[in-house]
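**Student:**
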Amino acid sequence: MSTWTCDLKSRLRGVVATSLLGLALAGCGDGFDPVGRAGGSSLTAGFDTLAPVPTVRLDAGHITLRGPDGFCVDHVASHADFVLFGNCAALGGKGRMVAPGVILTASVRAAGPAASATPEGLQQFFLSDAGRASLANDNTASRITLRDSGIARNALWLRLSDASLPHSLSPDLWRAIFVLRGHLVSATVLSAHDAPLDSRAGQALMTEFVAQIRQATGPVARRATG
Numbered sequence: 298m299s300t301w302t303c304d305l306k307s308r309l310r311g312v313v314a315t316s317l318l319g320l321a322l323a324g325c326g327d328g329f330d331p332v333g334r335a336g337g338s339s340l341t342a343g344f345d346t347l348a349p350v351p352t353v354r355l356d357a358g359h360i361t362l363r364g365p366d367g368f369c370v371d372h373v374a375s376h377a378d379f380v381l382f383g384n385c386a387a388l389g390g391k392g393r394m395v396a397p398g399v400i401l402t403a404s405v406r407a408a409g410p411a412a413s414a415t416p417e418g419l420q421q422f423f424l425s426d427a428g429r430a431s432l433a434n435d436n437t438a439s440r441i442t443l444r445d446s447g448i449a450r451n452a453l454w455l456r457l458s459d460a461s462l463p464h465s466l467s468p469d470l471w472r473a474i475f476v477l478r479g480h481l482v483s484a485t486v487l488s489a490h491d492a493p494l495d496s497r498a499g500q501a502l503m504t505e506f507v508a509q510i511r512q513a514t515g516p517v518a519r520r521a522t523g
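Heads up, my numbering is the position in the sequence shown plus 297, with the first residue counted as 1.
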């Protein structure tokens, strides 16, 4: 399995996320192979204007990414098949400030072999040294502490700590990895060091984020028979 989980790091290398107090994420090699490079996917809606929008559609697999209420796409930090969601109010949109200092990200890539793309296959990989290394900001497995992992609702859920994250971020984060329309979706919840999410709040936000992505994308239409 490739180190496609470097999505957050490779996509935000040198980029300042304006919605989150100038937090910048750096690091990671070039192992991530997004759909945008191989499959020609691009953001087709939501980037036509700099106005904050809660939803963006990707050509790849006709997948729609949407954040929970109060979260909008950060145009500065998002491109190709990586999307960062920040607080709508902080991005210049309307509404109240929700979850200050929280970053939500989602990335999409073509699913690998059927066996490795199952939640069980993904869990086996991320429990390995190679899997933990791919989760670390500096690609060092020992910097990752896996707090919890589980399979539910046809997705792999991870709660972990990454000691190599920038000091401006809390080391604790949540990931959900699942297959949607033939593509692997990796959703992540991070928070600021001075306003960390607790375990319950982080998991609740992760669960809602995944539900919003699945609902926005919708089921694959079945072909008529007969």
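Glycine is no exception: its CB is placed at the ideal position from the N, C-alpha and C atoms.
Identify which residue in Gly409, Gln509 and Pro463 has its Cα closest to the Cα of Arg440.
**Tutor:** Closest by alpha carbon: Pro463.
**Student:** Have a look at Arg450 and Leu388 and give me their C-alpha separation to the nearest angstrom.
**Tutor:** Cα to Cα, Arg450 sits roughly 32 Å from Leu388.
**Student:** Can you tell me which residues form a DSSP beta bridge with Ile400?
**Tutor:** Its beta-bridge partners are Leu487.
**Student:** Please report the distance separating the alpha-carbon of Thr415 from that of Val476.
**Tutor:** Distance between the alpha carbons of Thr415 and Val476 is about 8 Å.
**Student:** Give the straight-line distance between the Cα atoms of Ala433 and Asp459, rounded to the nearest whole angstrom.
**Tutor:** Cα to Cα, the separation comes out at about 6 Å.
**Student:** Taking the beta strand (DSSP E) that Asp445 belongs to, which residues open and close that run?
**Tutor:** First-last of the beta strand (DSSP E) with Asp445: Ile441 to Ala449.
**Student:** Any contact between the region 394–411 and the region 468–483? By contact I mean 3 or more CB pairs, one from each, below 8 Å.
**Tutor:** Cβ pair count under 8 Å is three or more, so yes.
**Student:** Just the Cα atoms here: how many angstroms apart are Asn436 and Leu487?
**Tutor:** Distance between the alpha carbons of Asn436 and Leu487: 18 Å.
**Student:** Excluding the 5 residues flanking Arg429 on each side, which residues of the same chain have their C-beta closer than 6 Å to its C-beta?
**Tutor:** Cβ neighbours of Arg429 beyond the five flanking positions: Ala438 and Ile441.
**Student:** Should Gln509 be labelled buried (16 or more other beta-carbon atoms within 10 Å of its own) or exposed?
**Tutor:** Classification of Gln509: buried, given that the 10 Å Cβ count is 16 or more.
**Student:** Contact criterion: CB-CB distance below 9 Å. Does Gly515 meet it with respect to chain B?
**Tutor:** The structure shown contains no chain B; it is built from a single protein chain.
**Student:** How long is the line joining the alpha carbons of Pro516 and Thr361, rounded to whole angstroms?
**Tutor:** Cα-Cα distance, rounded: 11 Å.
**Student:** Could you round the C-beta distance between Leu610 and Leu455 to whole angstroms and report it? I think they count as a contact, below 8 Å.
**Tutor:** Because the chain is modelled from 298 through 523, residue 610 falls outside the range shown and cannot be assessed.
**Student:** What alpha helix (DSSP H) runs, 4 residues minimum, are completely inside the region 413–438?
**Tutor:** Entirely contained in the region 413–438, the alpha helix (DSSP H) runs reaching 4 residues are, in chain order, 416–423 and 426–432.
**Student:** So what's His359 in DSSP terms, helix, strand or just coil?
**Tutor:** Helix.
**Student:** Just to confirm the assignment, what range does the beta strand (DSSP E) spanning Ser496 have?
**Tutor:** First-last for Ser496: Ser496 to Thr514, but that is the alpha helix (DSSP H), not the beta strand (DSSP E).
**Student:** Note down the Cα distance separating Ala492 from Val395, rounded to an integer number of angstroms.
**Tutor:** Taking the straight line from one Cα to the other gives about 12 Å.
**Student:** Ordered along the chain, which non-local residues of its own chain (more than five positions away) have a Cβ less than 6 Å from that of Ala489?
**Tutor:** Counting only Cβ-Cβ distances below 6 Å, and skipping sequence neighbours, we find Gly398.
**Student:** Any idea what DSSP makes of Cys369, helix, strand or coil?
**Tutor:** Three-state DSSP puts Cys369 in a strand.
**Student:** Applying the criterion that 16 or more other CB atoms from any shown protein chain within 10 Å of the CB defines a buried residue, is Val511 buried or exposed?
**Tutor:** The sequence shown places Arg at residue 511, rather than the Val named in the question. Arg511 is buried by the Cβ-count criterion.
**Student:** Taking C-beta to C-beta, are Asp378 and Leu355 nearer than 9 Å?
**Tutor:** In this structure, Leu355 lies closer than 9 Å to Asp378 by Cβ.
**Student:** Taking the straight line between their C-alpha atoms, what separation do you get for Ala501 and Gly364?
**Tutor:** If you take the alpha carbons of Ala501 and Gly364, they lie about 13 Å apart.
**Student:** Assuming the contact rule is C-beta atoms closer than 8 Å, Gln420 and Leu453 should be a hit. Round their C-beta distance to whole Å, please.
**Tutor:** Between Leu453 and Gln420 the Cβ distance is about 5 Å, and since that is below 8 Å, they are a contact.
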